[in-house]
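J.:
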Amino acid sequence: MRRRVVVASTAGIFVESLDWTMYGLLAPYFAGQIFPGDDPVAKVLGAYAVFAAGFVARPVGSFVMGRITDTRGRRTGLLVSVTLIAIGSLVIAAAPTVAVAGPWAAVIVVAARVLQGIAMGGEVATAATYVVEVAPPRRRYRYGAFAYSGDALGTLGGTVVLAVLLAVLGGDGVRDGGWRIAFLIAGLCGLLALWIRRGVPESEIFERARAAGAEPAGALLRRHAGRMVLAFMLTIGSTMGVYFGSVYLPEFAGHTGYYTEEQATGQHTVALICLLVAMIGSGFLSDRVGPLRMIRLGFTAAAVLVIPLMLGLAAGVVPYLVAAPLFTICVGLQLGVTPVAGARLFPVPVRAVGLGVPAGAAIAVFGGTFLFVAEWLISHDRLGLVPVYAALGLTVSAVGSWLVGEKLLYPVDTVAGTRAAVVAGSEP
121 MRRRVVVAST
131 AGIFVESLDW
141 TMYGLLAPYF
151 AGQIFPGDDP
161 VAKVLGAYAV
171 FAAGFVARPV
181 GSFVMGRITD
191 TRGRRTGLLV
201 SVTLIAIGSL
211 VIAAAPTVAV
221 AGPWAAVIVV
231 AARVLQGIAM
241 GGEVATAATY
251 VVEVAPPRRR
261 YRYGAFAYSG
271 DALGTLGGTV
281 VLAVLLAVLG
291 GDGVRDGGWR
301 IAFLIAGLCG
311 LLALWIRRGV
321 PESEIFERAR
331 AAGAEPAGAL
341 LRRHAGRMVL
351 AFMLTIGSTM
361 GVYFGSVYLP
371 EFAGHTGYYT
381 EEQATGQHTV
391 ALICLLVAMI
401 GSGFLSDRVG
411 PLRMIRLGFT
421 AAAVLVIPLM
431 LGLAAGVVPY
441 LVAAPLFTIC
451 VGLQLGVTPV
461 AGARLFPVPV
471 RAVGLGVPAG
481 AAIAVFGGTF
491 LFVAEWLISH
501 DRLGLVPVYA
511 ALGLTVSAVG
521 SWLVGEKLLY
531 PVDTVAGTRA
541 AVVAGSEP
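Per this note's numbering, the sequence shown starts with residue 121, numbered consecutively.
In structure tokens, the structure reads:
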């Protein structure tokens, strides 16, 4: 059963990351077929704006999916989110071109991204909630790290898919429709993840909490407003670090003049493997020394190193195979354990929505717009400001990680405000 829990949680996160990574990487290739206009830069910016639009839907999705997860069950939330993600990918794969449908081509893609944004708004918190409640106490963070390694695997998978498409079809072939293959693959992976998740059991902690009865969710959330601010702070640097280090970095390197985007994409596989290893290693260490030490180390190191590494890369002084792996290792040290620790900031009845809403808002504002902001800065000859922008977000999260103390992390079965403060069988 434990293996099934890890696989089911990983599968959905993998599909989310795969789809959103491929959209970010493929935007320069399909923008000309979907978005109207004659300016190629404007078309790419339009594609990234749609990328951001999907993130704008995340806070809404975080609330909707969070309430479903907190009232209908963790298993229901897992099934609904991955179903909507798969549908969105398949719609984009089949979307008509601007030559066929005019502006409706862009409308269809926007609608698909918004649908996915709603689903993905709940995916992170739902998966974290499920893992934190089902995993054995002394293996909780390694389980979470394995589950959230789906993020790195999805990013790696998206990079590999693009590299294969470029090798087989070439850049022109990908622009002429080869990009659809990538979204078809993502959609099929989503359907496979749905099949896997159908077999997982409901969280026993959730079932006991529901039977115990709880005060209204609104009252619980108001009492935990400060914790929601902390969850927001922790997510800012996490999402900016992921989208810079995992998704945008090959394109950033392409703008330096020392690499083509194809060369950087090929080398980026090493960085993603380092990210994956760092995430899993951090999970094992967190079970021994506690998650907050690893979270603080990851955010602080990333905030300190991102500017010298990326400016060195832009100047041709630091090789890509040094800058990219070092940065992704720093990001990975916190990425696998932050959501699981964040879930413990909230009691059972509002765990998914309490984590999901602030995390979804932070991802929408800072993750969803990162590619757009980075491309806009570079288009205005401000390439050096991209790592500065990332460093600011990472610094906010580093500060947030030091504000979170061990005493703020609830036992996983705490039901604040119920007839029994803690459900029977509480973890110390």
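Where is the CB? At the ideal position from N, CA and C, for every residue including glycine.
1. Please work out which residues of its chain come closer than 7 Å, Cβ to Cβ, to Arg259, disregarding the five sequence neighbours upstream and downstream, and give them in chain order.
2. Hey, Leu308 and Ser521: beta-carbon distance below 8 Å or not?
3. Can you round the beta-carbon distance between Leu465 and Leu341 to whole angstroms, since I take them to be within the 8 Å contact cut?
4. For the region 210-218 against the region 416-428, do three or more pairs of beta-carbon atoms, one drawn from each stretch, fall closer than 8 Å, so that the two count as touching?
5. Along the chain, where does the alpha helix (DSSP H) that runs through Pro445 open and close?
6. Check this for me: beta carbons of Gly290 and Leu138, under 8 Å apart or not?
7. Assign Gly476 to buried or exposed, taking buried as 16 or more other Cβ atoms, counted over all protein chains shown, within 10 Å of its Cβ.
8. Need the endpoints of the alpha helix (DSSP H) that Arg194 sits in, please.
9. Going by Cα to Cα distance, which pick from Leu282, Val180, Arg502, Glu243 is closest to Tyr268?
10. Return the chain-ordered list of same chain residues with a C-beta closer than 7 Å to the C-beta of Ile305, the five sequence neighbours on each side being excluded.
11. Determine the closest residue to Val252 out of Gly357, Thr385, Ser129, with distance taken between C-alpha atoms.
12. Going by the CB atoms, is the gap between Ala167 and Ala151 shorter than 8 Å?
13. Whole angstroms are fine: how far does the CA of His388 sit from the CA of Leu396?
14. Helix, strand or coil, according to DSSP, for Phe155 in the structure here?
15. Assess contact between the region 512-531 and the region 452-467, defined as three or more Cβ pairs (one per stretch) separated by less than 8 Å. Is contact present?
16. Compare the Cα-Cα distances from Ser323 to each of Ser499, Arg195, Met360 and report the closest residue.
17. At 3 residues or longer, what runs of the beta strand (DSSP E) sit wholly inside the region 342-407?
18. Answer with buried or exposed for Thr217, where buried requires no fewer than 16 other C-beta atoms within 10 angstroms of its C-beta.
19. To the nearest angstrom, report how far apart Ala131 and Ala510 are at their CA atoms.
20. Mind checking Glu495: buried by the 16 CB within 10 Å criterion, or exposed?
21. Does the region 363-379 come close enough to the region 427-441 that 3 or more CB-CB pairs lie under 8 Å?
22. What did DSSP end up calling Asp139 once you bin it into helix, strand or coil?
23. Taking all protein chains shown into account, decide if His344 is buried (16 or more other Cβ within 10 angstroms of its Cβ) or exposed.
24. Please report the distance separating the alpha-carbon of Leu198 from that of Ala247.
25. Using a 10 Å radius around the Cβ and a threshold of 16 neighbouring Cβ atoms, would you call Gly297 buried or exposed?
26. With DSSP run on the structure shown, which of helix, strand or coil describes Ala544?
27. Is the region 407-418 touching the region 438-456 in the sense that three or more CB pairs, one from each, lie closer than 8 Å?
T.: Looking at the coordinates:
1. On the sequence shown, residue 259 is found 139 positions in, with the first residue counted as 1. So the qualifying residues of the chain are Asp407.
2. Locating residue 308 in the sequence shown gives position 188, where the first residue counts as 1. Locating residue 521 in the sequence shown gives position 401, where the first residue counts as 1. No.
3. The sequence position of residue 465 within the sequence shown is 345, counting from 1. The sequence position of residue 341 within the sequence shown is 221, counting from 1. Actually they do not touch by this definition, with Cβ atoms about 12 Å apart.
4. no
5. Here residue 445 refers to the residue found at position 325 of the sequence shown. That run of the alpha helix (DSSP H) goes 440-455.
6. Taking the first residue of the sequence shown as 1, we reach residue 290 at position 170. Taking the first residue of the sequence shown as 1, we reach residue 138 at position 18. No, the Cβ-Cβ distance between Gly290 and Leu138 is not below 8 Å.
7. Taking the first residue of the sequence shown as 1, we reach residue 476 at position 356. Looking at its Cβ environment, which holds 16 or more other Cβ atoms inside 10 Å, Gly476 is buried.
8. Counting from one through the sequence shown, the residue named residue 194 turns up at place 74. From DSSP, the alpha helix (DSSP H) with Arg194 extends over 194-213.
9. As a first step, residue 268 is located in the sequence shown; it is residue number 148 there, counting from the start. Of Leu282, Val180, Arg502, Glu243, the residue nearest in Cα terms is Glu243.
10. One-based indexing of the sequence shown puts residue 305 at position 185. Val281, listed in sequence order.
11. For this step, residue 252 is matched to residue 132 along the sequence shown. Among Gly357, Thr385, Ser129, the Cα nearest to that of Val252 is on Ser129.
12. For the purposes of this step, residue 151 is taken as the residue at position 31 of the sequence shown. For the purposes of this step, residue 167 is taken as the residue at position 47 of the sequence shown. Result yes, Cβ atoms of Ala151 and Ala167 sit closer than 8 Å.
13. Mapped onto the sequence shown, residue 396 falls at position 276. Mapped onto the sequence shown, residue 388 falls at position 268. Roughly 13 Å between the two C-alpha positions.
14. Here the question's residue 155 lines up with position 35 in the sequence shown. Three-state result, Phe155: coil.
15. Between the region 512-531 and the region 452-467 there are three or more C-beta pairs closer than 8 Å, enough to call the two in contact.
16. Position 203 of the sequence shown holds residue 323. Closest option to Ser323, judged by alpha-carbon separation, among Ser499, Arg195, Met360: Arg195.
17. none
18. Along the sequence shown, one-based indexing puts residue 217 at 97. Flag for Thr217 reads exposed.
19. Counting from one through the sequence shown, the residue named residue 131 turns up at place 11. Counting from one through the sequence shown, the residue named residue 510 turns up at place 390. One C-alpha to the other measures close to 28 Å.
20. The residue given as residue 495 occupies position 375 in the sequence shown. Result: buried.
21. Taking 8 Å as the limit for Cβ pairs, the verdict is that the region 363-379 does touch the region 427-441.
22. Working through the sequence shown from its first residue, we reach residue 139 at position 19. In this structure, Asp139 counts as helix in the three-state DSSP scheme.
23. Here residue 344 refers to the residue found at position 224 when the sequence shown is read from its first residue. Buried: at least 16 other Cβ atoms inside 10 Å.
24. In the sequence shown, residue 198 corresponds to position 78, counting from 1. In the sequence shown, residue 247 corresponds to position 127, counting from 1. Taking the straight line joining both Cα atoms gives about 7 Å.
25. Counted from its first residue, the sequence shown places residue 297 at position 177. Exposed.
26. Reading the sequence shown from its first residue, position 424 is the one you call residue 544. Caution is warranted here: a pLDDT of 37 is assigned to Ala544, below 50, making its placement in the model unreliable, and no coordinate value can be reported.
27. yes
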